[in-house]
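Under the numbering used here, think of the first position of the sequence shown as -14, with each following residue one higher. A virtual CB, placed ideally from N, CA and C, is assigned to each residue, including glycine. Note that the coordinates shown come from a computational prediction; the quantities given were computed from them, not determined experimentally.
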Amino acid sequence: MPWTVCPTCGGRTHVNTGDPAGFEDRHPELMETGIALRECSFCTAQLTVGDAVTVVNSIIQRSDQNTIPIGSSGAIVACSRTDAGHSVYRVQLDTGNTTYFLRGEIRHQRNGV
């Protein structure tokens, strides 16, 4: 059975298809370097205030003292949009610090992680 890998968090997802052999032929846009890439539901789901999230990527250049380790957890305390329409999330980390993240840097927590 085919599997996809989320390019944001690296999570693997089983794809239930009626024709596993034809999966790559029918979805060539998902194929890069022989691996089917498709964002998982944890990385594409809409985020709202109160959601538990995990840091999965570092896009924003932060100063050394504000470096946030990948895998850090927290909860969204505010959501806003930039003038260009990009979502920005204020997250209260489990460490007690509060900082801002872009959507591509965080995902819903899965099984407490």
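Just to confirm the assignment, what range does the alpha helix (DSSP H) spanning residue i have?
i: cysteine 28; result: 26 to 29
i: arginine 11; result: 8 to 11
Is the separation between the beta-carbon of residue i and that of residue j shorter than 8 Å?
i: isoleucine 91; j: tyrosine 74; result: yes
i: alanine 37; j: alanine 69; result: no
i: glutamine 31; j: serine 58; result: no
i: valine 62; j: threonine 33; result: no
i: phenylalanine 27; j: cysteine 64; result: no
Am I right that residue i and residue j are in contact with their C-beta atoms under 8 Å? What's the rounded C-beta distance?
i: leucine 22; j: threonine -2; result: About 11 Å; that fails the 8 Å criterion.
Alpha carbons only, please: which of the options is nearest the one belonging to residue i?
i: threonine 39; options: Gly56, Ile45, Phe27, Cys28; result: Gly56
i: isoleucine 45; options: Arg88, Val0, Cys(-9); result: Arg88
i: histidine 71; options: Gln77, Leu78, Tyr85, Gly81; result: Tyr85
i: proline -8; options: Gly35, Thr67, Glu24; result: Glu24
i: leucine 78; options: Gly35, Arg66, Val0; result: Gly35
State the start and end residues of the unbroken beta strand (DSSP E) segment that holds residue i.
i: arginine 92; result: 91 to 93
i: histidine -1; result: -3 to -1
i: glycine 56; result: That residue, glycine 56, is in no beta strand (DSSP E); it is neither H nor E in DSSP.
i: threonine 83; result: 83 to 87
i: valine -10; result: -12 to -10
i: leucine 32; result: It is not in any beta strand (DSSP E) - leucine 32 carries neither H nor E in the DSSP assignment.
i: serine 72; result: 72 to 78
i: threonine 39; result: 37 to 40
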